[in-house]
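In this note's numbering, the protein residues as written are 2 to 224.
Quick reminder that beta carbons are idealized off the backbone N, C-alpha and C, glycines included.
Worksheet for the structure shown next.
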Amino acid sequence: MSRITKTLILKDIKLNLSPIILYLLLGIFSLWLLTSSQLGVFNTGAVILISMVIISGIHMITTTVTTERNDQVLPFVMSLPISFVQYTHAKICANFAVFLSFWLILLVGLMWVIFGQPQVPDGMAIFTLILMLEMLVMFTLLLSVALVSESQNITVVVMSITNIGLSLFMFWLSGFEAINSFMQTEQVVWNSTAITFVAVELLLVVVLLALTYLIQARKKDFI
């Protein structure tokens, strides 16, 4: 990794650290709400947590990729001795370093709530993990689109579609009997349906990143 690439990564991380910490604090607050036995408070916590995961990802991608294009920072960056692949690598490393850390902290917090609170059935762990992985896939897709298209309009359209799609995905996922039948029980069952969902989501993340690098490597100049 070149010195310029490392500098770009550190720059993106430092510039976004303060707002991401704020989102994380709100996410931790939502975990506290999830410990409540009151359904209304629990649901509020779930909404806040999902919102913080989505917002943190959008914030990172917007400030590190699309805003740079609009503010004419991208032409300056590409005037440096750096290739599109190195630029792409810097953006992916910075975004994943921040978002994945954020995501993992809240995922661990969710597992603590599920297995540590008697009012929350352990069977929710599988549904929760699949849902969190889906948001990781959404983040990866959005980052890939922003990097490849270099267009704020296209990125916003994909962002809107994925946010709507997440709600539909939740209903679709809960409709699978192999998932739904264990959600309100104390059993954590890794059946073929659950394993398939997790495997496909992880594969999608890898494929999206690979395609992004492949497309960026073929670029000769920025749009």
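Straight through space, the alpha carbons of SER161 and PHE85 are spaced by roughly 27 Å. Contact between SER175 and PHE128 holds: CB atoms are separated by about 7 Å, below the 8 Å threshold. Look at TRP173 here: in three-state DSSP terms it is helix. Inter-residue distance for MET136 and GLN118 is about 24 Å (C-alpha atoms, whole angstroms).
Taking the C-beta atoms as reference points, LEU148 is found nearer than 7 Å to VAL66. Spatial neighbours of VAL199 in its own chain (CB-CB distance under 8 Å, excluding positions within 5 residues in sequence) are listed in chain order as LEU130, ILE131 and LEU134.
Pairing GLY110 with PHE30, the inter-Cα distance amounts to about 11 Å. It is roughly 7 Å from the alpha-carbon of LEU25 to the alpha-carbon of PHE103. Secondary structure at ASP13: helix, using DSSP grouped into helix, strand and coil.
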